[in-house]
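Enquirer:
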Amino acid sequence: MKVLIIGSGGREHALSWKIAQSPLVNSVYVAPGNGGTELESNITNVNISSDDIEGLSTFAFKNKINLTIVGPEDPLVNGITDNFKEKGLKCFGPTKDAAKLEGSKDFMKKFLEDNQIPTAEYKSFKCVEGAIKYVEEKGCPIVIKADGLAAGKGVTIARTIQEAKDAIVKSLESEIFGEAGKKIVIEEFLEGEEASFIVITDGKTAIPFASSQDHKARDDGDKGPNTGGMGAYSPAPIVNETIHKKIMDDVIYPTIDGLKKLGYPYCGFLYAGMMISKNNEIKVLEFNCRFGDPETQPIMMRLKSDLADICNKACEGKLENQTLDWDSRKAVGVVMAAKGYPNDYEKGEKIKNLPIEHDGFKVFHAGTNM
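Under this note's numbering, the letters of the sequence shown match residues 980 to 1349, in that order.
#1: Assuming contact is defined by CB atoms lying nearer than 8 Å, are Ile-1261 and Val-1230 in contact in what I supplied?
#2: Please classify Met-1280: does DSSP put it in a helix, a strand, or coil?
#3: Three or more C-beta pairs closer than 8 Å, one from the region 1157-1176 and one from the region 1191-1199: is that the case here?
#4: What is the DSSP secondary structure of Glu-1158, reduced to helix, strand or coil?
#5: With a threshold of 16 other CB atoms inside 10 Å of the CB of Tyr-1101, please say whether the residue is buried or exposed.
#6: Between Leu-1003, Ile-1022, Gln-1000, which lies nearest to Val-1009 when the distance is taken from Cα to Cα?
#7: Mark His-992 as exposed unless 16 or more other C-beta atoms lie within 10 angstroms of its C-beta, in which case mark it buried.
#8: Per DSSP, which one or two residues make a beta bridge with Glu-1052?
#9: Could you spell out the range, first to last residue, of the alpha helix (DSSP H) harbouring Gly-1082?
#10: Output the distance between the C-alpha atoms of Ile-1293 and Met-1279, rounded to the nearest integer angstrom.
#11: Give the DSSP bridge partners of Asp-1352, in chain order.
#12: Alpha carbons only, please: which of Met-1349, Ile-1136, Asn-1219 is nearest the one belonging to Val-1164?
#13: I'd like the span of the alpha helix (DSSP H) that includes Gly-1038, first residue to last.
#14: Taking the C-alpha atoms as reference points, what is the distance between Gly-1034 and Gly-1058?
#15: If you draw a straight line from the C-alpha of Trp-1382 to the C-alpha of Ile-1140, how long is it?
#16: Would Ile-998 and Gly-1050 qualify as a contact pair, given that the criterion is a beta-carbon distance under 8 Å?
#17: Pull up the distance between the alpha-carbon of Lys-1341 and that of Asp-1288, whole angstroms please.
#18: Once you ignore the five residues that flank Ile-1074 on each side, which residues in its own chain have a CB closer than 6 Å to its CB?
#19: Alpha carbon to alpha carbon, what distance is there between Asn-1042 and Pro-1097?
#20: Taking buried to mean at least 16 other C-beta atoms within 10 Å of its own C-beta, is Gln-1095 buried or exposed?
#21: Are the region 1151-1159 and the region 1258-1274 touching by the rule of at least three beta carbon pairs closer than 8 Å?
#22: Just confirm the distance between the C-beta atoms of Gly-989 and Ala-1211, as a whole number of angstroms; I'd bet it's less than 8 Å.
#23: Can at least three beta-carbon pairs, one atom from the region 1212-1227 and one from the region 1249-1259, be found at a separation below 8 Å?
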């Protein structure tokens, strides 16, 4: 089987590394890949951008790719799965309609409300005046989110009214997030512990991956600016058997069923970002239509099952009675980032003195070049 992985992050390095271990797979391509995937002896980088949907589908067609797995959210939200399917190509990931679950916070919140799936109280706005009035009525802390995709930078936790006003104006007036921020969602601030709950689904059956937890604040002590994630570990101790069952019963299956009723059958990875309170109440913070980054890395370290086989079975609607096997050991991933990240950071610097890999230790690359 020939497999194409789309993306250039640590997530895609981890996915391609795991896929390459499958006895069913004889060729693994990553588009565009990174310096780490280039170093892997059994993985080939392809110089096509992850947002070049036509270029990717043409490559897959010409090279008789049997399975394509999409890493990042942008191609999914922009309809890569629909494009591939129109050409008779097997692409693992939700359609453009189903990916609205991640592509629009407003759509997601309405969907959760309509399907009685627990989430924070919210309201959506397109005008500054109405948004500021709402914030003044509700008080702080409060959360302001850009409606669309903003590369993980579209969320502000405002501790004061002034911080909230600044975030509203930056998004709706200054348009710092472009089209993605022309509408915002303002929601109540939830307290508790976050966990990442990821499943693979064929639209009927959902199989959970090991739980995980990422940490987004850049600096020690959970301080500093929010990032895409400075590290993650698996499993997440907060997700015990009771919480696990509650998330599957009250969040995952109602989501899959709700999308099916809308005519958007969901096939792919589904990531529920959860807030778990001290009283074990659960609420959905966000949905992602793909694997998390950096959660993928520790999860792939623990996965013993054949990822290529399970993704292929999901595409064929054959997940019923399938299971995943896990290494019982815990896994931790720590992100090394360039100085200045996530703002204006140094680029093109040589990376030196990386430790030697061995069993139980792996260096995954994100956005590096050889």
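A virtual CB, placed ideally from N, CA and C, is assigned to each residue, including glycine. Treat the numbers as computed from the prediction; the structure is a model and nothing was measured.
Expert: Considering the structure as presented:
#1: Locating residue 1261 in the sequence shown gives position 282, where the first residue counts as 1. Locating residue 1230 in the sequence shown gives position 251, where the first residue counts as 1. Contact: yes.
#2: In the sequence shown, the residue the question calls residue 1280 occupies position 301. In the structure shown, Met-1280 sits in a helix (DSSP, three-state: H, G or I).
#3: Yes, since at least three Cβ pairs between the region 1157-1176 and the region 1191-1199 fall closer than 8 Å, the two stretches touch.
#4: Within the sequence shown, numbered from 1, the residue matching residue 1158 stands at position 179. Three-state result, Glu-1158: helix.
#5: For the purposes of this step, residue 1101 is taken as the residue at position 122 of the sequence shown. By the 10 Å Cβ count, Tyr-1101 comes out buried.
#6: Taking the first residue of the sequence shown as 1, we reach residue 1009 at position 30. The candidate whose alpha carbon is nearest that of Val-1009 is Ile-1022.
#7: One-based indexing of the sequence shown puts residue 992 at position 13. Buried, since its Cβ has 16 or more Cβ neighbours within 10 Å.
#8: For this step, residue 1052 is matched to residue 73 along the sequence shown. In the DSSP output, where bridge partners are listed per residue, Glu-1052 has none listed.
#9: By one-based count along the sequence shown, residue 1082 stands at place 103. Here the alpha helix (DSSP H) through Gly-1082 covers 1079-1082.
#10: Along the sequence shown, one-based indexing puts residue 1293 at 314. Along the sequence shown, one-based indexing puts residue 1279 at 300. Here residue 1293 turns out to be Ala, not Ile, going by the sequence shown. Within the model, the alpha-carbon separation for Ala-1293 versus Met-1279 is close to 18 Å.
#11: The shown model of the chain, from 980 to 1349, leaves out residue 1352, and the question about it has no answer.
#12: On the sequence shown, position 185 is the one that residue 1164 refers to. Residue Ile-1136 is the option with its Cα nearest to Val-1164.
#13: Position 59 of the sequence shown, counted from the start, is the residue given in the question as residue 1038. In the sequence under discussion, the amino acid at residue 1038 is Phe, which differs from the Gly named in the question. Counting along the chain, the alpha helix (DSSP H) containing Phe-1038 begins and ends at 1032-1041.
#14: The residue given as residue 1034 occupies position 55 in the sequence shown. The residue given as residue 1058 occupies position 79 in the sequence shown. Between Gly-1034 and Gly-1058, the C-alpha separation is close to 14 Å.
#15: Because the chain spans 980 through 1349 in this model, residue 1382 falls outside it and cannot be assessed.
#16: Along the sequence shown, read from residue 1 onward, the residue named residue 998 stands at position 19. Along the sequence shown, read from residue 1 onward, the residue named residue 1050 stands at position 71. Not in contact: Ile-998 and Gly-1050 (Cβ atoms no closer than 8 Å).
#17: One-based indexing of the sequence shown puts residue 1341 at position 362. One-based indexing of the sequence shown puts residue 1288 at position 309. Taking the straight line from one Cα to the other gives about 23 Å.
#18: Here the question's residue 1074 lines up with position 95 in the sequence shown. Per the sequence shown, the amino acid found at residue 1074 is Thr instead of Ile. Thr-1060, Asp-1061.
#19: Taking the first residue of the sequence shown as 1, we reach residue 1097 at position 118. Taking the first residue of the sequence shown as 1, we reach residue 1042 at position 63. Distance between the alpha carbons of Pro-1097 and Asn-1042 is about 44 Å.
#20: To locate residue 1095, count along the sequence shown from 1; it is residue 116. When all chains shown are included, Gln-1095 counts as exposed.
#21: no
#22: Along the sequence shown, one-based indexing puts residue 989 at 10. Along the sequence shown, one-based indexing puts residue 1211 at 232. Actually they do not touch by this definition, with Cβ atoms about 10 Å apart.
#23: yes
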